[in-house]
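Trainee: Each step along the sequence shown adds one to the number in our numbering, with nothing skipped, and position 213 is 402.
For every residue, glycine included, the Cβ atom is placed at its ideal position computed from N, Cα and C.
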Amino acid sequence: MKMFVVRIAIALRNLQQWLVAQLAFGFLNLLKVFPADPAIRFADRVARRVGPKLGRHKLMRVNLRNAYPEKTDEELEQIAIASWGHMGRLAAEYVFLDRLFDFDPDQEKPGRVEVSGIPIFVDLRDNPRPFIVFTAHTGNFELLPVAGKAFGLEVMVLFRPPNNPYIAEKVFAFRASRMGQLVPSHAGSSFALARRLEAGGGVGVLVDQKFRKGLKTTFFGRPVQTNPLLAKLVRQFNADVYPARCIRLPDNRYRLEIEPKIELPRDAKGNLDVQGTAQVLNDKVESWVREYPEQWLWYHDRWHIKRQL
């Protein structure tokens with residue numbers, strides 16, 4: 190009897206996930222009917238209306254209040270609603286990702302996408318060596334590996350699949366055809382990244398995710414736990430590290446930036462400071478978020494406070 194109840198519960202959960210996936214796919218397929226610009230603006234408006242009615246909005250407001258104690262409630266609410274809008278845009282941009290990336294270095298008239306740091310892309314492509322590009326959930330971060338592939342720069346990308354298996358399958362297939370080699374985040378993913386670096390290649394990672402067993406660091410002055418993976422890979426392979434981000438511009442345009450190699454902290458013997466490196470990553474991401482706070486995904490439980498709500 191107990192096993193029967195468990196099977197029923199699993200079946201109901203699978204059904205719920207399937208229905209959610211079909212609803213999401215239906216919305217995205219509807220957007221395909223329209224040109225990119227009106228579809229992205231429509232998704233922005235819908236998310237701004239729906240987002241504040243969801244349970245995650247409370248978490249978002251708490252995160253914002255903790256990060257910006259000097260701001261008024263009205264200012265924080267404006268950032269929160271704008272952040273929902275950017276999440277809506279991110280969903281819609283998936284549909285049009287092929288059409289959005291129109292960068293052409295030989296084109297005189299600026300396109301939808303502009304790229305800063307082209308010499309770095311070219312240097313990494315033409316002078317192979319172990320390197321790591323890190324970014325955060327800001328702007329349309331999905332465009333960065335697309336840009337790398339467009340420049341002929343093959344980067345192995347570590348990503349966390351959505352919890353919904355039906356959505357995860359679609360997302361993986363979509364990303365794999367546009368972003369090069371992908372590695373789902375799981376227990377053995379670090380070995381795949383290590384093999385890539387050992388072969389003199391490059392990897393890309395997101396560094397602003399919650400990691401319960403991570404190093405004790407701070408983010409916006411509050412304690413967080415940070416994944417030590419990047420620092421450990423640098424220590425093992427002496428890889429160069431480059432920050433990169435996407436910034437949404439007015440009129441559905443984008444700026445992709447890859448910054449010069451950063452110098453990481455080392456001890457008196459020249460050994461990499463793993464703890465200090467984790468903090469350097471947080472500080473860089475915080476500087477990005479402070480510049481464009483509405484473009485970061487504040488609904489993430491980065492500070493592990495959801496259990497307190």
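#1: Mind the definition here: the stretch 285-296 touches the stretch 421-433 only if three or more C-beta pairs lie below 8 Å; say whether that holds.
#2: Taking all protein chains shown into account, do 16 or more other C-beta atoms lie within 10 angstroms of the C-beta of Asn-416, making it buried, or fewer, making it exposed?
#3: Tell me the residue span of the beta strand (DSSP E) that contains Phe-400.
#4: Hey, quick one: how far does the alpha helix (DSSP H) through Tyr-283 stretch, first residue to last?
#5: Gly-300 to Arg-444, Cα distance in whole Å?
#6: When the distance is taken between beta carbons, is Ile-309 closer than 7 Å to Ile-447?
#7: Could you tell me the distance, in whole angstroms, from the CA atom of Gln-398 to the CA atom of Trp-485?
#8: Could you compute how far the alpha carbon of Gly-341 sits from the alpha carbon of Asp-312?
#9: With H, G and I counted as helix, E and B as strand and the rest as coil, what does DSSP make of Pro-412?
#10: From this set, Gly-465, Lys-473, Tyr-481, Leu-438, which residue's C-alpha is nearest Glu-303's C-alpha?
#11: Please report the distance separating the alpha-carbon of Leu-279 from that of Gly-328.
#12: Which residue spans inside the stretch 286-348 form an unbroken alpha helix (DSSP H) run of at least 4?
#13: Would you grab the beta carbon distance between Ala-325 and Val-392 for me? Rounded to a whole angstrom, and I think it's under 8 Å.
#14: What number of angstroms, rounded off, separates the C-alpha of Asp-226 from the C-alpha of Gly-277?
#15: Among the residues of its own chain, which have a CB less than 8 Å from the CB of Ala-381, if the five just before and after it don't count?
#16: Taking all protein chains shown into account, decide if His-275 is buried (16 or more other Cβ within 10 angstroms of its Cβ) or exposed.
#17: To the nearest angstrom, report how far apart Leu-461 and Ser-305 are at their CA atoms.
#18: Straight-line CA distance for Ala-454 to Leu-404?
#19: Could you say which of Ala-232, Arg-238, Asn-252 lies nearest to Trp-492 if we only look at CA atoms?
#20: Who pairs with Arg-238 in a beta bridge, going by DSSP?
#21: Identify the residues that DSSP records as bridge partners of Leu-461: which are they?
Mentor: Taking the structure as given:
#1: Segments in contact, no.
#2: Indexing the sequence shown from 1 puts residue 416 at position 227. Result: buried.
#3: Looking up residue 400 in the sequence shown gives position 211. Where Phe-400 is concerned, there is no enclosing beta strand (DSSP E), given that its DSSP letter is neither H nor E.
#4: Translated into positions along the sequence shown, residue 283 becomes position 94. Here the alpha helix (DSSP H) through Tyr-283 covers 262-284.
#5: As a first step, residue 300 is located in the sequence shown; it is residue number 111 there, counting from the start. As a first step, residue 444 is located in the sequence shown; it is residue number 255 there, counting from the start. Going by the C-alpha atoms only, they are around 10 Å apart.
#6: Locating residue 447 in the sequence shown gives position 258, where the first residue counts as 1. Locating residue 309 in the sequence shown gives position 120, where the first residue counts as 1. Yes; because the gap between Cβ atoms is below 7 Å, this pair is in contact.
#7: Position 209 of the sequence shown, counted from the first residue, corresponds to residue 398. Position 296 of the sequence shown, counted from the first residue, corresponds to residue 485. If I take the Cα positions, the gap works out to 12 Å.
#8: Looking up residue 341 in the sequence shown gives position 152. Looking up residue 312 in the sequence shown gives position 123. About 11 Å.
#9: For this step, residue 412 is matched to residue 223 along the sequence shown. Here Pro-412 sits in strand by DSSP.
#10: By 1-based counting over the sequence shown, the position of residue 303 is 114. In terms of CA proximity to Glu-303, Leu-438 leads the group Gly-465, Lys-473, Tyr-481, Leu-438.
#11: The sequence position of residue 279 within the sequence shown is 90, counting from 1. The sequence position of residue 328 within the sequence shown is 139, counting from 1. Rounded to whole angstroms, Leu-279 to Gly-328 spans 8 Å at the Cα level.
#12: 286-289, 307-315, 332-339
#13: On the sequence shown, residue 325 is found 136 positions in, with the first residue counted as 1. On the sequence shown, residue 392 is found 203 positions in, with the first residue counted as 1. A Cβ-Cβ separation of about 16 Å leaves Ala-325 out of contact with Val-392 under the 8 Å criterion.
#14: Along the sequence shown, one-based indexing puts residue 226 at 37. Along the sequence shown, one-based indexing puts residue 277 at 88. Their backbone Cα atoms lie some 13 Å apart in a straight line.
#15: For the purposes of this step, residue 381 is taken as the residue at position 192 of the sequence shown. The answer, listed in chain order, is Met-345, Val-372.
#16: The residue labelled residue 275 in the question sits at position 86 within the sequence shown. The residue is buried, with at least 16 neighbouring Cβ atoms inside 10 Å.
#17: Residue 461 sits at position 272 when you count from the first residue of the sequence shown. Residue 305 sits at position 116 when you count from the first residue of the sequence shown. Between Leu-461 and Ser-305, the C-alpha separation is close to 29 Å.
#18: In the sequence shown, residue 454 corresponds to position 265, counting from 1. In the sequence shown, residue 404 corresponds to position 215, counting from 1. For the record, residue 454 in the displayed sequence is Pro; it is not Ala. Each residue's Cα considered, the two are about 15 Å apart.
#19: For the purposes of this step, residue 492 is identified with residue 303 of the sequence shown, where counting begins at 1. Minimum Cα distance to Trp-492 is reached at Asn-252.
#20: In the sequence shown, counting from the first residue as 1, residue 238 sits at position 49. Arg-238 is not bridged to any residue.
#21: Taking the first residue of the sequence shown as position 1, residue 461 is located at position 272. BP columns for Leu-461 point to Arg-455.
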